[in-house]
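Enquirer:
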Amino acid sequence: MESLQTPSSPDPDDRKTKILVNVLFKGVGGAPVLNRNKFSIATTVKYQSLLVFLRKQLESKANDPLFTYINGAFSPAPDDTISNLYKCFSTDGMLIVYYSSVPAWG
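The opening position of the sequence shown corresponds to residue 1 in our numbering, with each subsequent residue numbered one higher.
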């Protein structure tokens with residue numbers, strides 16, 4: 001699995017203690033399918049960075065619409081951390097992020 005991490009820390013010990021969690025991206029509503037949909041993401045990453053990463057994987061432009069939902073239920077705030085989302089909403093050891101180019105859930 002590819003990993004998305006925060007910028008490298010100058011302290012090598014910090015890099016060793018970085019905690020990664022598994023994130024599964026699932027396209028809905030006619031969204032393009034990713035070639036690879038499972039990634040390891042650092043818990044310190046903000047949700048906004050995950051959105052930037054997803055856009056890069058989808059090869060979409062910054063102004064292209066992108067709607068994301070955790071477990072198909074809600075869209076988190078951009079400043080939420082992956083750690084918090086994972087602790088509260090992980091399923092079977094994965095944080096499931098649904099994505100679409102049109103609103104999929106109310």
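Note that the Cβ used here is the ideal one computed from N, Cα and C, for glycine as well.
Got a sec, what are the start and stop residues for the alpha helix (DSSP H) Ile-82 sits in?
Expert: Unbroken alpha helix (DSSP H) run through Ile-82: 82-89.
Enquirer: In this structure, how does DSSP classify Ile-41 when only helix, strand and coil are distinguished?
Expert: Three-state result, Ile-41: strand.
Enquirer: Do you know whose CA, among Gly-72, Thr-44, Met-94 and Phe-53, lies nearest Asp-80's CA?
Expert: Of Gly-72, Thr-44, Met-94 and Phe-53, the residue nearest in Cα terms is Thr-44.
Enquirer: Exposed or buried, what is Ala-77 when buried is set at 16 or more other beta-carbons lying within 10 Å of its beta-carbon?
Expert: The residue is exposed, with fewer than 16 neighbouring Cβ atoms inside 10 Å.
Enquirer: State the Cα-Cα distance for the pair Gly-27 and Glu-59, rounded to the nearest angstrom.
Expert: Each residue's alpha carbon lies about 14 Å from the other.
Enquirer: Need the endpoints of the alpha helix (DSSP H) that Phe-53 sits in, please.
Expert: Where Phe-53 is concerned, the enclosing alpha helix (DSSP H) stretches over 47-58.
Enquirer: Who are the near neighbours of Val-33 in its chain, counting only those whose CB is closer than 8 Å to its CB and skipping five residues on each side?
Expert: Here the set comprises Gly-27.
Enquirer: Looking at C-alpha atoms only, which residue of Leu-85, Gly-29, Lys-56 and Lys-18 is the closest neighbour of Asn-35?
Expert: Here the closest residue by C-alpha is Lys-56.
Enquirer: With DSSP run on the structure shown, which of helix, strand or coil describes Leu-20?
Expert: It is a strand residue.
Enquirer: So Ile-96 and Leu-85 are supposed to be a Cβ contact under 8 Å. How far apart are they, rounded?
Expert: Actually they are not in contact, since the Cβ atoms of Ile-96 and Leu-85 sit about 10 Å apart, beyond 8 Å.
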